[in-house]
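Protein chains in written order, with our numbering: chain P, 1 to 343; chain U, 344 to 686.
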DNA sequence: TTGTAAGCGTTATCAG
DNA sequence: CTGATAACGCTTACAA
């Protein structure tokens, strides 16, 4: 029990140090530091009497644990790195929100990064993430640079890919088929007898998932013997982009438009109104995302709802599971078609 | 290229450890670990020859630095904790995005947390944040629990409050007057001679900034001798909430409605259309946020643009500045009124 | 159930 | 400009 007396410690003032450490708590509670550590990590493994004393000491001293030291000693930190293309995108901000909520309940902390759809940027973020000995690395999609895959493999980190599947997943993956989403819209258009259609896409070169939805739509239409073409803009999906896209589509009019996402669909609907086109009589419109406003547009927007929360939940579970274990490495969360008035 | 021989390390198999450490790099580069460390932190302080050798060793060994160990040794980590009420809210997702971008350029990593407008939740997040010996803690608003303030004060962490000012800022603060925003809308309504008005608010009890905008609006209207009332819903600001709010407002019709934010305004406009009310002839509508879709609505939405990016930039600067120094502790970033067709 | 002791991989000090 | 050395605060075998 001979704890070092800090007051006569010659080095005490060398750097700014933590005021109350685990040793201080241990001393106050008359136990060893390892007992405090144990109590903090598995309270049930400590006797009730000792536990109470430790809790008391923590309370009165105002002890704040040092996760940095803990992470170093344990060789793995309580950090989960979450990387998404963009946080402005409602899909991803919802996923991150929910994920952060679930993880923080397990005292895991979320380190966010956004790539703006750049794989090089993703590589940089992964490199930084690995420097934190993270409990897990969560990535969006399955397209990564070779270096990224290499870095991840060599680090042995627990990896989860989300929102999409790849042929060769790195660790676990959680998502759904975006190609099927596109087909689903095409099927609906076909069933309504609209005839010709167009896909109004944004940033398709970079956004692999939007590109898959577009391809699924085109494939679906063609399989049904319907004509369909692709119109796209390079910039981010936005209401303004939607308006532009409809103008482009109307250069060679179609009866139905499937959009990159609901934001684009909103722009398409505004532009249709400006042009005096009635939806759905003159033009059918479908979106993707079932964003908050989708049920409020006039008419309400027909769209596809991706299960952002279910993705977050499954990802959280995958993170908790770790790389090993016999749980399925691939979780298909499905999506739901939301038929409303616009198509 | 002499690979480190770890096999003779008796403890090597105790736990999963880092494969390539700084010592390995040092050995490969024929220098001491301190030199490698120095090179990594200030390359210019190391001779060119040695620097090149170290860089080589890092490259060939594939060394990934360990920030956890670094943070422990330095007593301050490269983590910045950023806490916002909600990430689904476009204002905050934009701020976080921009902040993360700016900080990552300085190799600072963003730990996000969201409070759902709960101060208790904020306290929990701050407690967790402090466990990381963060380079800075960024908070939204100036209302915190006593414990939060206490924790922050005792830790000596660098604190930045954003989006709003308080009478007693903890560290630095960056924001603008939300009360002035409300007044600004009221002034505009008055100048247009609309007469009576209403504020359509969401979650005003928890969202202190929205409440201030409401109060500013009410004060502004009254100062001009105009009648104005407050209509509010408890849930989050959304398009659906906007529609509900307009229904409530029309129980006792007014000529002009100021909204909690643009999302609510969008709902108000949709509901107005459903009711056959022409905007702005029958009803003037103003929002807050200048969200992406604001310029696309029919008619385009009159709103107020908060400088989300400027906030992020000023916060990043404050983070870099640290708590000391003679730079002003309080930065007022202003806002811009966007007159468009709806009011 | 609790304690002892040996690290974890860096940074910071100080001397050369 | 470079290197030896002592922390940093905690976890984890292992022993008691």
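Even for Gly, the Cβ is constructed at its ideal location relative to N, Cα and C.
Chain-order list of residues whose beta-carbon lies under 6 Å from that of residue 331(P) (same chain, five-residue window excluded): In the first chain, counting from the first residue as 1, residue 331(P) sits at position 331. Cβ neighbours of residue 331(P) beyond the five flanking positions: 174 and 314.
Assigned secondary structure, residue 447(U) (DSSP; H/G/I helix, E/B strand, else coil): Position 104 of the second chain, counted from the start, is the residue given in the question as residue 447(U). Looking at residue 447(U) - three-state DSSP - the assignment turns out to be helix.
Top-ranked residue by Cα proximity to residue 523(U), from 451(U), 553(U) and 499(U): The residue labelled residue 523(U) in the question sits at position 180 within the second chain. Nearest of 451(U), 553(U) and 499(U) to residue 523(U), Cα basis: 553(U).
Residue 624(U) classed as buried or exposed, judged by whether at least 16 other C-beta atoms fall within 10 angstroms: Looking up residue 624(U) in the second chain gives position 281. Residue 624(U) is exposed by the Cβ-count criterion.
Interface residues of chain P facing residue 521(U) [CB-CB closer than 7 Å]: Counted from its first residue, the second chain places residue 521(U) at position 178. By Cβ distance, chain P contributes nothing, its closest Cβ being about 22 Å from residue 521(U), past 7 Å.
Beta-carbon proximity list for residue 104(P), same chain, < 8 Å, skipping 5 on both sides: What you label residue 104(P) is simply residue 104 of the first chain in a count that begins at 1. 110, listed in sequence order.
Any C-beta of chain P under 8 Å from that of residue 645(U): The residue labelled residue 645(U) in the question sits at position 302 within the second chain. For residue 645(U), the answer is no, since every Cβ of chain P falls outside 8 Å of its Cβ.
The alpha helix (DSSP H) enclosing residue 395(U), as first and last residue numbers: Against the second chain, residue 395(U) aligns to sequence position 52. Looking at the DSSP string, the run of the alpha helix (DSSP H) that includes residue 395(U) is 391-404.
Contact set between residue 475(U) and chain P, taken where Cβ atoms lie within less than 8 Å: Translated into positions along the second chain, residue 475(U) becomes position 132. Those are 67, 68 and 109, listed as they occur along chain P.
Test: residue 548(U) CB closer than 8 Å to a CB of chain P: Position 205 of the second chain holds residue 548(U). Judged by the 8 Å Cβ criterion, residue 548(U) is not in contact with chain P.
Beta-carbon gap between residue 295(P) and residue 267(P) smaller than 8 Å: Residue numbering aside, residue 295(P) sits at position 295 when the first chain is read from its first letter. Residue numbering aside, residue 267(P) sits at position 267 when the first chain is read from its first letter. Cβ atoms of residue 295(P) and residue 267(P): not closer than 8 Å.
In chain order, each alpha helix (DSSP H) run of at least 4 residues that lies wholly inside the segment 513-563 of chain U: 521-535
Proximal residues to residue 334(P) (C-beta, below 6 Å), its chain only, five neighbours per side dropped: Here residue 334(P) corresponds to residue number 334 of the first chain, with the count starting at 1. So the list reads 176, once near-sequence residues are dropped.
Three CB pairs or more closer than 8 Å across the segment 141-157 of chain P and the segment 219-237 of chain P: no
Which listed residue (134(P), 301(P) and 64(P)) has its alpha carbon closest to that of residue 76(P): Position 76 of the first chain, counting from 1, holds the residue named residue 76(P). Taking only the C-alpha atoms, the option nearest residue 76(P) is 134(P).
Boundaries of the alpha helix (DSSP H) in which residue 149(P) is found, first to last residue: For the purposes of this step, residue 149(P) is taken as residue 149 along the first chain, with counting starting at 1. That run of the alpha helix (DSSP H) goes 146-155.
Beta carbon of residue 680(U) nearer than 8 Å to that of residue 527(U): Locating residue 680(U) in the second chain gives position 337, counting from the first residue. Locating residue 527(U) in the second chain gives position 184, counting from the first residue. Yes; because the gap between Cβ atoms is below 8 Å, this pair is in contact.
Distance between beta carbons of residue 661(U) and residue 515(U), contact taken as under 8 Å: Reading the second chain from its first residue, position 172 is the one you call residue 515(U). Reading the second chain from its first residue, position 318 is the one you call residue 661(U). Contact flag correct, Cβ pair sits at about 4 Å.
Under 9 Å by beta carbon: chain U residues contacting residue 245(P): Within the first chain, numbered from 1, the residue matching residue 245(P) stands at position 245. By Cβ distance, chain U contributes nothing, its closest Cβ being about 12 Å from residue 245(P), past 9 Å.
Whole runs of the beta strand (DSSP E) within the segment 224-311 of chain P, excluding any shorter than 3 residues: 228-233, 256-259, 284-286 and 303-305
Reference residue 22(P); option with closest CA among 49(P), 194(P) and 65(P): For the purposes of this step, residue 22(P) is taken as residue 22 along the first chain, with counting starting at 1. Of the candidates 49(P), 194(P) and 65(P), the one whose C-alpha sits nearest the C-alpha of residue 22(P) is 65(P).
Residues bridged to residue 662(U) (per DSSP): Reading the second chain from its first residue, position 319 is the one you call residue 662(U). Residue 662(U) pairs with nothing; no bridge assigned.
Contacts that residue 496(U) makes with chain P (C-beta to C-beta distance below 9 Å): Translated into the one-based positions of the second chain, residue 496(U) becomes position 153. Chain P residues near residue 496(U): none, gap ~11 Å exceeds 9 Å.
Closest by C-alpha distance to residue 241(P), when choosing among 169(P), 265(P), 168(P) and 102(P): Against the first chain, residue 241(P) aligns to sequence position 241. Residue 241(P) has its Cα closest to that of 265(P), out of 169(P), 265(P), 168(P) and 102(P).
6 Å CB neighbourhood of residue 424(U) in its chain, flanking five on each side removed: If you number the second chain from 1, residue 424(U) lands on position 81. So the qualifying residues of the chain are 454, 472, 477 and 480.
Continuous alpha helix (DSSP H) stretch holding residue 465(U): start and end: Your numbering for residue 465(U) matches position 122 in the second chain. Residue 465(U) -> alpha helix (DSSP H) spans 462-473.
Through-space distance from residue 329(P) to residue 320(P), alpha-carbon basis: Indexing the first chain from 1 puts residue 320(P) at position 320. Indexing the first chain from 1 puts residue 329(P) at position 329. Those two C-alpha atoms are separated by around 13 Å.
Bridge partners - residue 113(P), DSSP secondary structure assignment: As a first step, residue 113(P) must be located in the first chain, where it is residue number 113. Residue 113(P) pairs with 83(P).
C-alpha gap between residue 497(U) and residue 621(U), whole angstroms: Indexing the second chain from 1 puts residue 497(U) at position 154. Indexing the second chain from 1 puts residue 621(U) at position 278. When rounded, the distance between both Cα atoms is 57 Å.
Chain P contact residues for residue 440(U), given Cβ-Cβ distances below 8 Å: The sequence position of residue 440(U) within the second chain is 97, counting from 1. Ordered by position in chain P, the residues that pass the 8 Å Cβ test against residue 440(U) are 86, 87, 88 and 114.
Range of the contiguous alpha helix (DSSP H) that encloses residue 379(U): If you number the second chain from 1, residue 379(U) lands on position 36. Where residue 379(U) is concerned, the enclosing alpha helix (DSSP H) stretches over 376-384.
Per DSSP, cross-strand counterpart(s) of residue 438(U): The residue you call residue 438(U) lines up with position 95 of the second chain. Paired residue(s): none; residue 438(U) is not in a bridge.
Within-8 Å CB hit, residue 489(U) to chain P: Taking the second chain and counting its residues from 1, one reaches residue 489(U) at position 146. Residue 489(U) does not count as touching chain P.
Cutoff 8 Å; reference residue 224(P); Cβ partners in own chain excluding five residues on either side: Within the first chain, numbered from 1, the residue matching residue 224(P) stands at position 224. So the qualifying residues of the chain are 186, 187 and 190.
Neighbourhood of residue 327(P) by C-beta distance below 6 Å, restricted to the same chain and skipping five residues each side: As a working note, residue 327(P) is residue 327 in the first chain. If we look at residue 327(P) and ignore the five residues flanking it on each side, its Cβ neighbours are 321.
C-beta atoms of residue 291(P) and residue 262(P) nearer than 8 Å: As a working mapping, residue 291(P) is identified with position 291 in the first chain. As a working mapping, residue 262(P) is identified with position 262 in the first chain. Yes, Cβ-Cβ distance for residue 291(P) and residue 262(P) is below 8 Å.
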